[in-house]
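In my numbering, the protein residues as written are 3 to 547.
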């Protein structure tokens, strides 16, 4: 009998010790406890508190003013901590502050980057508009991605990456005064998000994602949540996540995945994630693309490759590939990070292998081929040819009326081609052309400049207005793009058989002094440096009373 009692007592002690070890420490008593620790112990009736450590030089009055909401007087905080004299509060002391007493203010999230078609639905009035970089996301807003992706940064620096075909609602974005604590609650109605949550030092912060079948509460971790009709899946790659149906969550550590049925039927399915692939070395700086990423075969039929901009976090590309290699291509100059993971038979990516690299492509001057320098062409849409001399370059031809290209009148589209037509027909005249090459988005090179003459007849010059001021007449005419000068003739009869004055002008206006009471006639034609014919424009009668 005594042995049975002893055994029961020992068993009870083991259960008590186990339950005590399962309880979170005092710093974990926060608003996250209900969801994060529900599988371990029932929620306590204790008021959630935040422990604030007084810093050197701080006084109690300024602490209370900075942290407490308007309806909470400082004396209540003194009473709550059993302090009679606020002057006794000194550096290093801990103040227990109920979370309900802290100032609260909305703190919007910010869009770091957007790729492709993503829509923002306002929680205030339901209006829809394309999501743009640097946009603010406020409480109640929803992001819907079609074929695009978006990277969102929360107030505390946590990052949320939204996959294509996803719907994410922002139910709460709250900051507790100047404490630095945040309360973030999101709802993933469809699709997949990947998060990188800042580690929480203070016990009151909360980050929670709800789906139609489960809730995930975290305190500093990297994880992915994917929800679809019938199932919600979790993948944890760093830290720990409390996951499961509301009130039935379990702690899922890094290296594991978990699945919950939307119908609430059956137990939570927890599995170990596939190990990170062993990636073969890649040059730290890529001078040309494509470059091959390869890894040691590990038995997986499919791998997922994600490429991120290392500076902005922008999701550049996500691909599923078979085999053990992937071509890195179509990237601008910059720093990138690749995440490579094996995909299991449920379609869940495993632990990622991570590799950083930089793309540094340099454009080179193109070698011009046709037309030859100073060539004369009869076609108003001549073909331009050149030879690219760099890697991964795009190019376009530029055509101007002046050698300095102060007035570019035609170009071609950017393309990796070595020939192009101008964007519009060229009127007869002299031009200058060159080819500009670009590589990596920010490296640009310019070829030599060549002159070109387009044969034909310069268009006639038309007088557009005449102004009379006292004994002076000012004549205005249309500009001819390819003209260098204009030839003006003044006559007393419309046939211009008797020219009484003529001049060469570079402007499109001229002042003439005329004898009152006589009739005059004026006309102009365009001139050019090349061997181009020109025609006189129609004459205009002038009469000064």
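All residues carry an ideal CB built from backbone N, CA and C; glycine is no exception.
Between residue 189 and the set 198, 224, 327, 141, the nearest pair of CA atoms involves 141. For residue 69, the enclosing alpha helix (DSSP H) starts and ends at 62–69. Between the alpha carbons of residue 509 and residue 440 lies a gap of roughly 38 Å. Taking 8 Å as the upper bound for CB-CB distance, residue 156 and residue 145 are not in contact here, some 13 Å apart. By the CB criterion at 7 Å, residue 389 and residue 420 fall inside the cutoff. Beta-bridge pairing by DSSP links residue 246 to 217. By the criterion of a C-beta distance shorter than 6 Å, residue 89 is surrounded by no residue of its chain, once the five residues flanking it on both sides are discounted. If you draw a straight line from the Cα of residue 255 to the Cα of residue 247, it comes to about 17 Å.
Here residue 54 is buried. Its C-beta has 16 or more other C-beta atoms within 10 Å. Just so you know, the alpha carbons of residue 84 and residue 110 end up roughly 37 Å apart.
Rounded to whole angstroms, the Cβ separation of residue 241 and residue 200 is 11 Å, and the two are not in contact under 8 Å.
Within the same chain, 412 come within 6 Å of residue 426 by CB-CB distance, once the 5 residues on both sides are set aside. Taking a cut-off of 8 Å on C-beta distances, the segment 323–330 touches the segment 296–311, as three or more cross pairs fall below it. If you ignore the 5 residues before and after residue 470, its C-beta comes within less than 7 Å of the C-beta of 546, all in its own chain and listed in chain order. Nearest in C-alpha terms to residue 77, of all of 516, 99, 60, is 99. Boundaries of the alpha helix (DSSP H) around residue 82: 76–82. Each of 74, 522, 196, 92 was checked against the Cα of residue 57, and the nearest Cα belongs to 92.
Secondary structure of residue 102 (DSSP, three-state): helix. DSSP, reduced to helix, strand and coil, places residue 429 outside both helices and strands of the structure shown, so it counts as coil. One thing to note: residue 387 has its Cβ no nearer than 7 Å to the Cβ of residue 416. Distances from the CA of residue 135 to each of 112, 148, 143, 464 were compared; the closest alpha carbon is that of 112. In the DSSP assignment, residue 454 falls within the unbroken beta strand (DSSP E) covering 452–456. In the three-state reduction of the DSSP assignment, residue 484 falls in the coil class, being assigned neither a helical nor a strand state. Within its own chain, the residues whose Cβ lies closer than 6 Å to the Cβ of residue 191, once the five positions on either side in sequence are excluded, are 169, listed in chain order.
Look at the beta carbons and you see the segment 223–243 not touching the segment 307–316: under three pairs across the two are nearer than 8 Å. Residue nearest to residue 529 within the set 456, 138, 507, 193 is 507 (criterion: CA-CA distance).
In the three-state scheme derived from DSSP, where H, G and I count as helix and E and B as strand, residue 176 is classed as strand. A distance below 6 Å between beta-carbons, with the five flanking residues on each side excluded, links residue 513 to the following residues of its chain, in chain order: 474, 476. In the DSSP assignment, residue 212 falls within the beta strand (DSSP E) that extends over 208–212. Looking at the DSSP output, residue 163 sits in a beta bridge with 153, 196. Contact between residue 216 and residue 245 holds, with the beta-carbon distance rounding to 6 Å and staying under 8 Å. In the DSSP assignment, residue 381 falls outside any beta strand (DSSP E), carrying neither H nor E. In this structure, the CA atom of residue 331 is about 41 Å from the CA atom of residue 176. Restricting attention to 410, 497, 377, the CA atom closest to the CA of residue 454 is found in 377. When the beta-carbon positions are compared, residue 150 and residue 117 come within less than 7 Å of each other. For residue 422, the three-state secondary structure derived from DSSP is strand.
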